[in-house]
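Take the position in the sequence shown, starting the count at 1, then add 16; the result is the number in the working numbering.
We put the CB at the ideal spot given by N, CA and C, even for glycine.
Written below as structure tokens is the structure these notes are about.
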Amino acid sequence: MLPIFLRNLVKYQYVRCEYLLLKRTVSTIYNHAITIESRPINKLYLQTYSTQSTNIHNELTTNEFERICEETLESLCETLEILIEKYPELKGCDITFGDGVLTVSLGNHGTYVINRQTPNKQIWLSSPKSGPKRYDYFIDKKTWIYKHDNVALHTLLQNELSLIFNDNVDLSKCSYSFCK
């Protein structure tokens, strides 16, 4: 049986709990799974079906955001160009980068579009595998994270591209990568 305070929290769209670093999973509360992930941070946040902004990215100035975003996209572009050259058997592949938009066409596997959104200080990803996601830059982790599932941009791309190329794709050397 779940504690009453957790059962009552379901009526809120965002639940904030200040736990020290713990690894726990709370099963189902009225059909909404809530998970606490073990991450190297001071406080953990429980999220149900929507999220509330933590304004982490607002600590960046516009110039800092532009610089970090440009470095991120350029390093991804360079790494993915090398990857595509390594697999000539994958037909219809092409990469273009300009004006803050990185487009990675992978033939029959679809097209990834990764672009900066300066007003929101986010990077937006359109993936043929996982759909659209909006990444915020977390200064303490020095990486881009999708707040709804706490997965880093580079981690998601590395996993999806590994499946497409049937090989281990390594994006750990990219700027602001959280991949290990």
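Cβ neighbour criterion (16 or more within 10 Å) applied to residue i
| i | result |
| --- | --- |
| Val117 | exposed |
| Arg132 | buried |
| Ser69 | The predicted position of Ser69 is uncertain, since its pLDDT is 41 and thus under 50; no value can be drawn from it. |
| Ile180 | buried |
| Thr112 | exposed |
| Thr88 | buried |
Residues bridged to residue i (per DSSP)
| i | result |
| --- | --- |
| Gln234 | Residue 234 lies beyond the stretch modelled for the chain, which goes from 17 to 196, so this question has no answer here. |
| Phe113 | Leu118 |
| Gly147 | Ser143 |
Between the CA atoms of residue j and residue i - distance to the nearest angstrom
| i | j | result |
| --- | --- | --- |
| Thr101 | Tyr151 | The residue you asked about is not Thr; residue 101 is Glu in the sequence shown. Rounded to whole angstroms, Glu101 to Tyr151 spans 28 Å at the Cα level. |
| Val129 | Glu94 | 15 Å |
| Tyr153 | Asn175 | 20 Å |
| Thr110 | Trp140 | Sequence inspection shows Asp at residue 110; the Thr mentioned does not correspond to that position. Going by the C-alpha atoms only, they are around 19 Å apart. |
| Ser115 | Leu122 | A quick correction: the sequence has Asp, not Ser, at residue 115. Using only the alpha carbons, I get a separation of about 21 Å. |
| Arg40 | Gly147 | Confidence is the limiting factor: at Arg40 the pLDDT is only 30, short of 50, which leaves the residue's position unreliable and the question unanswerable from this model. |
| Thr77 | Ala168 | 21 Å |
| Ser91 | Thr127 | 18 Å |
| Glu97 | Pro104 | 11 Å |
| Cys190 | Ser143 | 19 Å |
| Gly108 | Thr119 | 13 Å |
| Ile84 | Phe194 | 14 Å |
| Thr134 | Glu86 | 11 Å |
| Asn124 | Lys149 | 21 Å |
| Asn79 | Thr171 | 25 Å |
Whole-Å CB distance - residue i paired with residue j, under 8 Å assumed
| i | j | result |
| --- | --- | --- |
| Tyr192 | Lys163 | With 8 Å as the limit, Tyr192 and Lys163 do not qualify as a contact, their Cβ atoms being about 16 Å apart. |
| Lys137 | Phe81 | 5 Å |
7 Å Cβ shell around residue i - same chain, five flanking residues per side excluded
| i | result |
| --- | --- |
| Leu173 | Leu187 |
Own chain residues within Cβ distance below 8 Å of residue i, not counting five before or after
| i | result |
| --- | --- |
| Glu75 | Ile155 |
| Leu99 | Leu177, Phe181, Val185 |
Residues near residue i by beta carbon distance below 6 Å, same chain, minus five either side
| i | result |
| --- | --- |
| Asn184 | Ser178 |
| Trp160 | Ile139, Tyr151, Tyr153, Leu169 |
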